[in-house]
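Reviewing the structure listed below.
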Amino acid sequence: SCRPPWAAGPAPVTPRPRPPASGRSLVSPLLLTGRVTKSLVDLARDAAGHVPFEAPPSPLNVKVGGARRFAGDQWQVSRLKEVASAAGCTVNDVGLAMAGGALRAYLEELGRLPERSLIAMVPVSVRRPNADFTEGEGNAFGAMLCDLGTNIDDPAVRLEAIHAQTRAAKKRYAAMSVAEVLAVSKLIMGGAIVSSLTGVAALPRHPFNLIISNVPASDHPLYYNGAQMTDLYPVSMISEAQAMNITLTRYDDVMTFGIVGDRRSLPHLQRMLIHLDEALSGLTKAVWG
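If you're matching positions, the sequence shown starts at 3 in our numbering and goes up one per residue.
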């Protein structure tokens, strides 16, 4: 008989030998400085790009307490694919547009919607063919900043703007080395890390308003000892000055949104699920007429 997952002991860990540092690896940060600076300058000049600390003050960027609330729901991937196909974008773009529309409606209900649009930090994979990563080394991701169009009323216009940004970011990162992408990403995420480590939430400007990530799971049903896993809900974390996190996970034929928020500063978080559904319906109507 099979033991349940929680009864399994820890797997043995074999230390992985690390190669000695070479002169190239020691000076690479210095060599990258000029190229990273140029990349940030190009990013600032790009109409479809964003640099850190453009995010407006919002209820999402406050000191958090110890209590959390989780809200999650799922939608058929086919619904998101229909919108993506009609709009000529990706399913990830549709997910971001849903989040932007839901955040707009949610913050309007609270009477706290900023005039300027919210900015999300979106993790992006930097694994490439023949890249210097090996199995077991963990995640390899960079970061892009995406204007969620929370100041835009038209769902189709919001989706088009998001698609333009993600397309430009992919093109920009494709022209950079993995090391350059990681360096730029560290600068993008630096302000949030400092705030989290120091506990300083009242920054004059925040690098971004929230993190929205897409973590793919299996595209077919999974089973354990003959029992099918029917649902998979992503539960991420929040940190100081980052009172909300949204994570998308595709499992089998559904896309699941998992939202974690600070209970005190973001009340009635379950309302976000209603607004996500309304946002998807609005996108469907907008692209199909």
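Here a beta-carbon is modelled for each residue, glycine too, at the ideal position from N, C-alpha and C. Given the structure is predicted, the values throughout are model-derived calculations rather than measurements.
_Whole angstroms are fine: how far does the CA of N227 sit from the CA of A296?_
The structure shown does not extend to residue 296, since the chain is modelled only from 3 to 291, so the question has no answer here.
*asked:* Could you pull the DSSP bridge partners for I214 from this structure?
replied: One-based indexing of the sequence shown puts residue 214 at position 212. Bridge partners of I214: I248.
*Opening and closing residue of the alpha helix (DSSP H) in which P157 lies*: Position 155 of the sequence shown, counted from the first residue, corresponds to residue 157. Unbroken alpha helix (DSSP H) run through P157: 157-176.
*With S119 as the anchor, note down where its alpha helix (DSSP H) starts and where it stops.*
Position 117 of the sequence shown, counted from the first residue, corresponds to residue 119. That residue, S119, is in no alpha helix (DSSP H); it is neither H nor E in DSSP.
*Close-in-space but distant-in-sequence residues of the same chain around P125 (CB under 7 Å, 5 per side omitted)*: Sequence index remark: in the sequence shown, residue 125 carries index 123 (1-based). So the qualifying residues of the chain are F143, A145, S215.
_Option in Q76, L112, A122, F55 with minimal Cα separation from D254_ = Here residue 254 corresponds to residue number 252 of the sequence shown, with the count starting at 1. For the residues Q76, L112, A122, F55, the minimum Cα distance to D254 belongs to Q76.
*Is the CB-CB distance between L62 and G102 below 8 Å?*
Working through the sequence shown from its first residue, we reach residue 62 at position 60. Working through the sequence shown from its first residue, we reach residue 102 at position 100. Cβ atoms of L62 and G102: not closer than 8 Å.
*Count the other CB atoms within 10 Å of the CB of D95; is the residue buried (16 or more) or exposed (fewer)?*
By 1-based counting over the sequence shown, the position of residue 95 is 93. D95 should be labelled buried.
_When N153, G97, V262 are compared against R114, the one with the closest alpha-carbon_ = For this step, residue 114 is matched to residue 112 along the sequence shown. The shortest C-alpha separation from R114 is found at N153.
*R70 lies in the beta strand (DSSP E); which residues open and close that run?*
Taking the first residue of the sequence shown as position 1, residue 70 is located at position 68. Per DSSP, R70 belongs to the beta strand (DSSP E) from 70-78.
*By a C-beta neighbour count over all protein chains shown, 10 Å radius and 16 as the cutoff for buried, is G74 buried or exposed?*
Counting from 1 along the sequence shown, the entry for residue 74 is found at position 72. With 16 or more Cβ atoms within 10 Å of its Cβ, G74 is classed as buried.
*Exposed or buried, what is L28 when buried is set at 16 or more other beta-carbons lying within 10 Å of its beta-carbon?*
The residue you call residue 28 lines up with position 26 of the sequence shown. Residue placement at L28 is flagged as unreliable, the pLDDT there being 37, under the threshold of 50; the coordinate-derived value follows with that caveat. L28 should be labelled exposed.
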